[in-house]
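Working notes, beginning with the structure itself.
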Amino acid sequence: MAKRSLFLAVAIGLIPVSASAEGLTKKLVLPASAAQEMIAACFADQADHAYAKVTVFVVDDGGHLLAAARQDGACKACSNIARNKAVTSALYGAATRVMADLSFGKKRDGVDAGLPGAAFVPGLVAFAGGLPVTTTSGEVVGGIGVSGVSSNEDEQCAQAGVAAIARLLKWGPAYD
């Protein structure tokens with residue numbers, strides 16, 4: 007009798023799960039292998055431009071680490087900066103350069119700053135070098151942060167990382 011009751015309870019418990027599963031949508035995930043590919047592309051871009059050594063962090067859409075690497079000789083503080091750039095981009099779905107514009111205005115004079123003070127949120131980075139990783143349909147699947155050179159050069163390296171996996175980011179109605 008106990009076995010029959012247990013079977014019945016399990017069977018009934020599965021019914022709502024089956025019905026609700028039909029309403030779930032697909033969630034795209036940035037694979038760790040893609041994160042490694044992004045880092046390799048960043049390092050290649052750094053070498054091509056003869057920039058100083060860099061550190062690269064790649065995170066998922068929740069800001070959790072997928073992969074990170076620091077070139078020999080890269081600045082010691084750059085690991086924390088690169089991580090925060092990647093997390094900021096992933097969680098806010100925007101380039102860290104945009105966060106600077108929102109915090110300080112386009113001319114960095116505070117005029118037309120949409121979110122003055124946002125730069126003072128702990129962990130938020132408001133200077134270039136972090137990019138969200140988004141699909142062609144605009145879904146954020148992660149973030150990348152680079153640090154070690156000027157913020158513009160950091161952003162260039164990050165762009166190279168995202169470009170390296172562009173083929174994986176084609177997603178949306180046209181690609182289903």
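Under our numbering, the first residue of the sequence shown carries the number 7, and numbering increases by one thereafter.
In this text, a Cβ means the ideal position worked out from N, Cα and C, and glycines have one as well.
Restricting to Cα atoms, I'd like to know which of 162, 174, 175 and 152 is closest to residue 80. 152
Considering only residues of the same chain and omitting the five flanking positions on each side of residue 130, which have a CB-CB separation below 6 Å? 94
Given a threshold of 16 other Cβ atoms within 10 Å of its Cβ, counted over all protein chains shown, does residue 118 qualify as buried or as exposed? exposed
I'd like the list of long-range same chain contacts for residue 157, defined as Cβ closer than 7 Å, with 5 residues on each side in sequence excluded. 133, 134 and 135
Taking C-beta to C-beta, are residue 120 and residue 72 nearer than 8 Å? no
If residue 168 and residue 150 are in contact, beta carbons under 8 Å, what's the gap, nearest whole angstrom? 6 Å
Under the rule that 16 or more other beta-carbon atoms within 10 Å means buried, what is residue 109, buried or exposed? Label assigned to residue 109: buried.
Residues near residue 176 in its chain [Cβ-Cβ closer than 6 Å; skip 5 each side]: Setting aside the 5 residues that flank it on each side, residue 176 is surrounded in the same chain by 142, each with a C-beta closer than 6 Å to its C-beta; the list follows chain order.
At what residues does the beta strand (DSSP E) containing residue 153 begin and finish? First-last of the beta strand (DSSP E) with residue 153: 146-153.
Straight-line Cα distance separating residue 88 from residue 35: For residue 35 and residue 88, the gap between their C-alpha atoms comes out near 21 Å.
Exposure of residue 85, with buried meaning 16 or more beta-carbon neighbours within 10 Å: Counting Cβ neighbours within 10 Å, residue 85 comes out buried, since at least 16 surround it.
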